[in-house]
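Chemist: As numbered in my numbering, residues 17 to 392 make up the sequence shown, in order. In this text, a Cβ means the ideal position worked out from N, Cα and C, and glycines have one as well. Values in this document were obtained by computation on a predicted structure and should not be read as measured data.
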Amino acid sequence: MNLIEIKEGKVSLLVPNPKDYEKNGKFDPSWAPVFYNPRMKLNRDISVLIVSVIKPKSIIDALSASGIRGLRYYIEVGGVEKLILNDKNPLATELIRKNIEKNKVEAQITTRDANSLLYEVKAEFVDIDPFGSPSPFILSSINSVINKGYVAFTATDLSALECSSKSSARRKYDLICDKLSFSKEAGIRGLIAKVIRESAILEKAAYPVFSFYFDYYYRVVFRVESGAKKADNLLSKQGYYYECPKCGLREASEYLEKKKCPKCGIDMKKYGPAWLGTLWEKDFVEKMRDKLNDFSYLDNYFTINKLLDIIIKESKYDNPYYRIDILSSYLKRNIPKREYIIKCLGSASVTHFDYRGIKSDKGMDEVNECIKKLTS
Ligand SMILES: C[S@@+](CC[C@H](N)C(=O)[O-])C[C@H]1O[C@@H](n2cnc3c(N)ncnc32)[C@H](O)[C@@H]1O
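If you want it as structure tokens, here you go:
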């Protein structure tokens, strides 16, 4: 394998030379013998920030590829006493060995199936960064994390989670769903609910502490605590979202039902089981915001700063976002500017999920009144 050296964060990394794997002048990271995707740098940058808040002594990077995540946590956060870098692909672990030597990192390298490994070893922070869906690794990673430790999942199978593909939504996440106007948020809530259910099997409670959507993926972080009662309590906060495809009226309920819109009388769309609670733990996000100053060297520093700003604002509202463009079209009105709607509603904010959306604790009627007022 012909390698090139790149720099990401404070790590010098050897990766396969993309030029060798181009097809018709194009390159996809999955065509190389070992996977490295520069488009996921923001995901890794934010993960470094998250790990700096958690300060784990032990980390398992279960699907490590080049080793980049574990290496970055070790070097950029520090204090890691036990680091396991695992990948089932022997070419990946061969490359990880080169990369840990190059960066003078002490780590255990394993060439194992992640699931069997995660049933044998424990850590304070477990990172699951798969191709597509994290579902096959949820139970084992929750098993592997110690009490009050953390686990982070990346999901790139948004077509399942947003319910563009109903059959894979059902297969991977037990979702009975339609695509809703706030599908980006519904998707992350569907993923969280799945993790909560899998944790409950092990009598553990997985509290979502930080989540975000970016580009083509979700990243969700949980603190995992032992206790059947705690798990039951989280299970009771899942439910189903309903939305009228004609007027946008929405409801949330604990149960899966065939609901008709009380205004239009037609079948409402549905999505669930979804997590109905908060997506962000206030303390955790504030710590991230404080810690960010230590990472001003990151290329994505300003993007992360902006993302955290928006998340801090939107985290006040647990209701899914409203799409102003869609509600305006139902009302046959022009689309008012988001800032004007936010001002009109008084308690509302932008959302990082969608630049056309707003979050608010106000009902749809009040949002509609504002749209009418601003376009009259
Ligand atoms: C998306 S890549 C990981 C990317 C890496 N975390 C990063 O940030 O660059 C997924 C990796 O998981 C590995 N993998 C897939 N299934 C696995 C399994 N069951 N056990 C262990 N490794 C697996 C693949 O070989 C691949 O290297």
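Is the separation between the beta-carbon of A108 and that of V50 shorter than 7 Å?
Modeler: Against a cut-off of 7 Å, the Cβ pair of V50 and A108 comes out as a contact.
Chemist: For V237 and Y166, which I take to be in contact (beta-carbon distance under 8 Å), what is that distance rounded to the nearest angstrom?
Modeler: So it is a contact: roughly 6 Å between Cβ atoms.
Chemist: Let me check one thing: in DSSP terms, what residues is V236 bridge-paired to?
Modeler: Partner(s): F169 and S227.
Chemist: Check whether the Cβ atoms of N18 and N33 lie closer than 7 Å to each other.
Modeler: For N18 and N33, yes; Cβs fall inside 7 Å.
Chemist: Cβ of K35 versus every heavy atom of ligand 1: is any distance shorter than 6 Å?
Modeler: No, since every heavy atom of ligand 1 falls outside the 6 Å radius drawn around the Cβ of K35.
Chemist: Would you say the stretch 251-264 touches the stretch 319-332, given that touching needs at least three Cβ pairs under 8 Å?
Modeler: As far as the Cβ criterion goes, the stretch 251-264 does not touch the stretch 319-332, which means the pair count is below three.
Chemist: Per DSSP, what kind of secondary structure is A78 in: helix, strand or coil?
Modeler: DSSP places A78 in coil when its eight states are reduced to three.
Chemist: Could you tell me the boundaries of the alpha helix (DSSP H) in which E330 lies?
Modeler: From DSSP, the alpha helix (DSSP H) with E330 extends over Y317 to E330.
Chemist: I'd like to know if the stretch 203-221 and the stretch 133-141 are in contact, where contact means that at least 3 CB-CB pairs between them fall below 8 Å.
Modeler: Output reads no: the stretch 133-141 does not touch the stretch 203-221.
Chemist: For the putative contact between R60 and R88, defined by C-beta atoms under 8 Å, what is the C-beta separation to the nearest angstrom?
Modeler: That pair is a contact at about 6 Å.
Chemist: At 4 residues or longer, and completely inside the stretch 113-144: list those alpha helix (DSSP H) runs for me, N to C.
Modeler: Counting whole runs of 4 or more residues, the stretch 113-144 contains the alpha helix (DSSP H) stretches 130-134.
Chemist: Considering L99, what are the terminal residues of the beta strand (DSSP E) in which it resides?
Modeler: Looking at the DSSP string, the run of the beta strand (DSSP E) that includes L99 is K98 to N102.
Chemist: Terminal residues of the continuous alpha helix (DSSP H) containing Y356?
Modeler: Its alpha helix (DSSP H) spans residues R354 to L361.
Chemist: Given 6 Å as the limit, tell me if N115 has its C-beta closer than that to any heavy atom belonging to ligand 1.
Modeler: No, since every heavy atom of ligand 1 falls outside the 6 Å radius drawn around the Cβ of N115.
Chemist: What is the DSSP secondary structure of L19, reduced to helix, strand or coil?
Modeler: It is a strand residue.
Chemist: Within the 7 Å Cβ cut-off, does G148 reach chain D?
Modeler: Note that chain D does not occur in the displayed structure, where there is just one protein chain.
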